[in-house]
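Take any residue in the sequence shown, count from 1 to its spot, add 558: that is its number in my numbering.
Ideal Cβ placement from N, Cα and C applies to all residues, glycine included.
Structure record follows, encoded as structure tokens.
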Amino acid sequence: MAFLKKYLLPILMVFLAYYYYSAHEEFRPEMLQGKKVIVTGASKGIGREMAYHLAKMGAHVVLTARSREALQKVVSRCLELGAASAHYIAGNMEDMPFAEQFVAEAGKLMGGIDVLILNHVLYTPLTFFHGEINMVRKAMEVNFHSFVVLSVAALPMLKQSNGSIAVVSSLAGKIPYPLVAPYSASKFALDGFFSSIRKEFVVSKVNVSISLCVLGLIDTDTARKAVEGVYEGYASPKEDCALEIIKGTALRQEEVYYDHSPWTLLLLGNPGRKIMEFLTVRSIQWDRVKSN
Ligand SMILES: NC(=O)c1ccc[n+]([C@@H]2O[C@H](COP(=O)([O-])OP(=O)(O)OC[C@H]3O[C@@H](n4cnc5c(N)ncnc54)[C@H](OP(=O)(O)O)[C@@H]3O)[C@@H](O)[C@H]2O)c1
559 MAFLKKYLLP ILMVFLAYYY YSAHEEFRPE MLQGKKVIVT GASKGIGREM AYHLAKMGAH
619 VVLTARSREA LQKVVSRCLE LGAASAHYIA GNMEDMPFAE QFVAEAGKLM GGIDVLILNH
679 VLYTPLTFFH GEINMVRKAM EVNFHSFVVL SVAALPMLKQ SNGSIAVVSS LAGKIPYPLV
739 APYSASKFAL DGFFSSIRKE FVVSKVNVSI SLCVLGLIDT DTARKAVEGV YEGYASPKED
799 CALEIIKGTA LRQEEVYYDH SPWTLLLLGN PGRKIMEFLT VRSIQWDRVK SN
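In structure tokens, the structure reads:
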């Protein structure tokens, strides 16, 4: 009975509150009007589609990727579509000093940052792992380390705006995918890091939301080529996927699931993990940590 009172009832109340409040929120495109948004990996694929949606919603955008020419075209199209402003800064996310400078420059161009969308990716070849350590290192650098560097650099501005971070991940970051071990590891790392600091933000009253976006197969050129002849699953449309990421981020959802299968959210929602997280957070002596 004591266990029921101490643990199960609070857990039940948290879940009820979560479902009650989340059910009443609705996305409106005006939520992004005039917002200052960074999109990484915006030269093609889902990132480019996010830039176009944001432009139509009247946001300011600063885009990045390595291909200058492609970015130039995306920026021009964003201005045609109604972006409040649109700029690009080309560079490589293997280069951490670039990642830091990029955020500083983007902040200057827009006069702050409301939303940081971390989306760029190094796809690793679909193959058995035969000890390619360099591939693991590179995947961790581009897909994980640079996401952390960009977030750290943007955090002071995001704190000022009570802003949001979208972390674009994958089903391969929730369940281990064979044949893409380095990619899968880098996406799991995103969950570990960003879900941990989300908890710290709650305790330290940092009003910056973090949305981990868990995507199934999407019909981008890169993904199609990567899985060709190996995986025959349905690829969902990138335009829709991009919009769902923006919606979930604007609504400050902790996790955004986008996959063609309705079972994905149900199976990966993982109530067991949520209960364990709740219990772990409760058992930490936060005051002692803060005073150290
Ligand atoms: N498509 C899918 O099926 C799928 C499934 C699950 C998750 N996701 C996730 O969704 C996100 C977008 O995927 P996508 O399919 O749209 O990818 P994509 O079409 O290949 O686009 C990747 C973007 O990242 C940029 N990029 C790659 N390496 C970079 C580097 N070293 N430095 C800076 N920018 C770099 C690319 O531009 P440049 O080449 O010009 O640098 C491009 O703009 C990724 O995080 C991916 O993991 C996708």
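Where do the N-terminal and C-terminal ends of the alpha helix (DSSP H) with residue i fall, by residue?
i	result
S704	S704 to S719
V741	The sequence given here has Tyr at residue 741, not Val. It spans A739 to V761 - the alpha helix (DSSP H) in which Y741 sits, taken as one unbroken run.
A808	K796 to A808
Given a threshold of 16 other Cβ atoms within 10 Å of its Cβ, counted over all protein chains shown, does residue i qualify as buried or as exposed?
i	result
Y579	The predicted model places Y579 with a pLDDT of 49, which falls under 50 and marks its position as unreliable; any figure quoted below should be read in that light. Y579 should be labelled exposed.
A662	exposed
I671	buried
S849	exposed
V761	exposed
M715	buried
T682	buried
Let's see if you can read the secondary structure: which residues bound the beta strand (DSSP E) around residue i?
i	result
A644	S643 to Y646
T594	At residue 594 the sequence reads Lys, which differs from the Thr that was named. Its beta strand (DSSP E) spans residues K594 to T598.
I723	S722 to S728
N833	Note that residue 833 corresponds to Ile in the displayed sequence, not to Asn. I833 -> not in any beta strand (DSSP E); alpha helix (DSSP H) instead, spanning P829 to R840.
S767	S767 to L773
Since residue i and residue j are thought to touch, with beta carbons under 8 Å apart, how far apart are those beta carbons, to the nearest angstrom?
i	j	result
M668	K594	4 Å
H818	G774	6 Å
T778	G603	4 Å
S704	C771	With a Cβ gap of about 17 Å, S704 and C771 do not count as contacting.
Would residue i and residue j qualify as a contact pair, given that the criterion is a beta-carbon distance under 8 Å?
i	j	result
L612	V620	no
L676	A724	yes
S769	T807	yes
Y646	Q630	yes
Y735	S744	no
G616	G599	no
V597	A657	no
S767	S719	no
Inspect the CB distances between the stretch 621–632 and the stretch 644–660 and report whether three or more fall short of 8 Å.
yes
Are the stretch 625–643 and the stretch 690–699 touching by the rule of at least three beta carbon pairs closer than 8 Å?
no
Taking 8 Å as the cut-off, does the stretch 749–762 touch the stretch 794–808 (at least 3 CB pairs, one atom from each stretch)?
no
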